[in-house]
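Numbering (UniProt numbering), first residue to last: 1 to 369.
Note that CB positions come from ideal geometry on N, CA and C, so glycine has one too.
All of these numbers come straight from a predicted model, not from anything done at the bench.
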C-alpha cells in the first residue's frame with residue numbers, strides 16, 4: 001500500500017511538471033508566433049488574409065501548440081511531403097545533426113529549443129529523412145530513456161528526465177510521420193528486420209519496468225507507457241507482443257492527446273468498449289468520453305451522464321471533508337478539486353460540441369458559488 005501511495009505521489013509530481021512545461025511551451029510559442037505574423041504582415045501587402053488566422057481565435061490555455069496547432073501544421077507538412085517541396089528553413093542545424101547521426105546532439109538541440117516546439121515538429125520529419133538511417137538514429141536516441149532514475153533534491157534532474165522522455169516520444173512520432181509519407185518499398189528499406197530486432201530488444205527491456213505502474217498512479221498521463229506503445233507502433237512490432245498485456249496500458253495514457261491514434265495503430269479499436277468501461281469504473285469519466293467520441297461509441301457510453309457522474313463523484317469526495325472536523329485548509333483543497341472537475345467538464349463539452357446536450361452556462365455560474 002505504501003509503495004502504491006509513493007508511486008501515486010511521484011506520478012502526480014511528474015504530471016504537474018509535464019503540464020507546467022506544456023504551458024510554458026505554449027505561452028512562448030504563442031508570443032513568438034504572434035511576433036512573426038506581425039512582422040510578416042508589416043512587410044507584405046495582405047491579400048485574402050483570414051482574420052481569425054491572423055488574430056488567433058484560440059487562447060494558449062485552450063489549445064497549446066502540441067495539440068490543435070500541431071494537428072493543423074501536420075496537414076501542411078503532409079502536403080509538402082507529397083509535393084516534395086518541403087525544406088528545413090527555420091532550423092538547418094537539424095539537418096546537420098541528422099546527417100551526422102548525432103542523436104545526443106539532436107536531443108540537446110530539441111531540449112534547448114522547446115520554446116518553438118511546434119516549428120520543430122514541422123521540420124524534424126524532413127530532417128530525419130536526410131539521415132543515413134532515420135530509424136537507427138531514433139532508436140539510438142532511446143538509450144537514455146530510463147537513465148538517471150533518482151531525482152535530485154531540487155527536482156531538476158527529474159524535470160530533465162521528463163524533458164528527455166518527451167523528446168524520445170516526439171522523435172518516434174516524427175519518424176512515424178515520415179514513414180506514413182513514404183511508399184511501401186521505402187518503408188521496408190528503412191524499417192529492416194535488423195531495425196525491428198533492435199526495437200524488440202528495447203521493448204523487452206522496457207516492458208518489466210511497466211509492471212509496477214498502477215492506473216491510479218499514472219493518472220492517465222504516463223510517459224513510460226506512452227513511449228512503450230509508440231515504440232511498438234513506430235517500428236511495426238505490435239504483433240510480437242501480447243495484445244492483452246499492452247492493452248492494459250491504454251488507461252495509463254488515456255489523458256494524452258495521442259491516446260486514440262495509439263489505440264488505432266495498435267489494432268485495439270474492437271477492444272475500446274472494454275477500455276472505456278475500465279475508465280468509467282475507475283472514476284475517469286472524462287477520458288472515457290474522449291475515447292467514446294473518438295471511436296463513435298457514444299450510443300453505448302452517453303457523454304452527458306458520464307460527465308454528470310464525474311461532477312457528482314467530485315462533490316461526493318468533498319462532502320466528508322466539509323462535514324467533518326477538517327483542518328482550516330481542507331475546504332480550500334476540496335473546492336479546488338470541484339473547480340478542477342468543472343473546468344474539465346466544460347472543456348470536454350466545448351471540445352466535442354456538446355453544448356446543446358449539456359449547456360455550459362449553468363456550470364460556469366457555479367464558479368461564483
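Less than 8 Å between C-beta atoms, sequence neighbours within five positions excluded: which residues of the same chain meet that for residue i?
{"i": "residue 202", "result": "139, 142, 231"}
{"i": "residue 132", "result": "99, 101"}
{"i": "residue 348", "result": "286, 289, 290, 303, 307, 354"}
{"i": "residue 195", "result": "133, 135, 136, 139, 235"}
{"i": "residue 191", "result": "135, 179, 235, 236"}
{"i": "residue 367", "result": "339, 342"}
{"i": "residue 105", "result": "97"}
Starting from the C-beta of residue i, find all residues in its chain whose C-beta is less than 6 Å away, skip the five residues before and the five after it, and write them out in chain order.
{"i": "residue 35", "result": "Since pLDDT at residue 35 reaches only 43, below the 50 mark, its modelled position is unreliable, and the value read off the structure follows with that caveat. Same-chain partners within the cutoff: there are none."}
{"i": "residue 352", "result": "293"}
{"i": "residue 357", "result": "304"}
{"i": "residue 103", "result": "137, 140, 141"}
{"i": "residue 206", "result": "228"}
{"i": "residue 360", "result": "346, 349"}
What are the boundary residues of the alpha helix (DSSP H) that residue i is part of?
{"i": "residue 238", "result": "That residue, residue 238, is in no alpha helix (DSSP H); it is neither H nor E in DSSP."}
{"i": "residue 194", "result": "193-210"}
{"i": "residue 103", "result": "103-112"}
{"i": "residue 276", "result": "272-281"}
{"i": "residue 130", "result": "Counting along the chain, residue 130 falls outside any alpha helix (DSSP H), and DSSP gives it neither H nor E."}
{"i": "residue 285", "result": "285-294"}
{"i": "residue 89", "result": "Careful: residue 89 lies outside any alpha helix (DSSP H) and carries neither H nor E."}
{"i": "residue 365", "result": "361-365"}
{"i": "residue 246", "result": "243-247"}
{"i": "residue 301", "result": "Looking at the DSSP string, residue 301 is not in any alpha helix (DSSP H), and its letter there is neither H nor E."}
{"i": "residue 265", "result": "259-265"}
{"i": "residue 185", "result": "184-190"}
{"i": "residue 100", "result": "Where residue 100 is concerned, there is no enclosing alpha helix (DSSP H), given that its DSSP letter is neither H nor E."}
{"i": "residue 224", "result": "223-234"}
Just checking my contact of residue i with residue j at CB under 8 Å: how many whole Å lie between their CB atoms?
{"i": "residue 168", "j": "residue 127", "result": "Residue 168 to residue 127, Cβ: 16 Å. No contact."}
{"i": "residue 223", "j": "residue 250", "result": "In fact, because the Cβ distance is near 15 Å, the residues do not count as touching under 8 Å."}
{"i": "residue 286", "j": "residue 310", "result": "6 Å"}
{"i": "residue 238", "j": "residue 262", "result": "So it is not a contact: roughly 11 Å between Cβ atoms."}
{"i": "residue 221", "j": "residue 256", "result": "6 Å"}
{"i": "residue 374", "j": "residue 145", "result": "Since the first residue shown for the chain is 1 and the last is 369, residue 374 is missing from the structure and cannot be characterised."}
{"i": "residue 241", "j": "residue 272", "result": "Incorrect: roughly 19 Å between the Cβ atoms, too far for contact."}
Using only CA atoms, which one of the options lies nearest to residue i?
{"i": "residue 123", "options": "112, 95, 147", "result": "95"}
{"i": "residue 90", "options": "111, 104, 361, 118", "result": "118"}
{"i": "residue 214", "options": "346, 228, 252", "result": "252"}
{"i": "residue 160", "options": "208, 317, 107", "result": "107"}
{"i": "residue 110", "options": "146, 145, 144, 166", "result": "166"}
{"i": "residue 92", "options": "103, 104, 130", "result": "130"}
{"i": "residue 177", "options": "204, 233, 205, 185", "result": "233"}
{"i": "residue 335", "options": "317, 346, 187", "result": "317"}
{"i": "residue 284", "options": "264, 312, 188", "result": "312"}
{"i": "residue 113", "options": "181, 274, 164", "result": "164"}
CB-CB under 7 Å to residue i, same chain, minus the five flanking residues each way: which ones, in chain order?
{"i": "residue 288", "result": "276, 279, 280, 301, 306"}
{"i": "residue 50", "result": "With a pLDDT of only 33 at residue 50, under 50, the local geometry of the prediction cannot be trusted, and the value read off the model is given with reservation. None."}
{"i": "residue 298", "result": "292"}
{"i": "residue 174", "result": "121, 124, 125, 128"}
{"i": "residue 315", "result": "338"}
{"i": "residue 199", "result": "139, 231, 235, 237"}
{"i": "residue 229", "result": "246, 249, 253, 262, 266"}
{"i": "residue 210", "result": "224, 225, 228, 249"}
{"i": "residue 71", "result": "Interpretation of residue 71 is limited by its pLDDT of 44, a score under 50 that renders its predicted location unreliable; no figure is taken from the coordinates."}
{"i": "residue 172", "result": "138, 230, 231, 234"}
{"i": "residue 363", "result": "342, 345, 346"}
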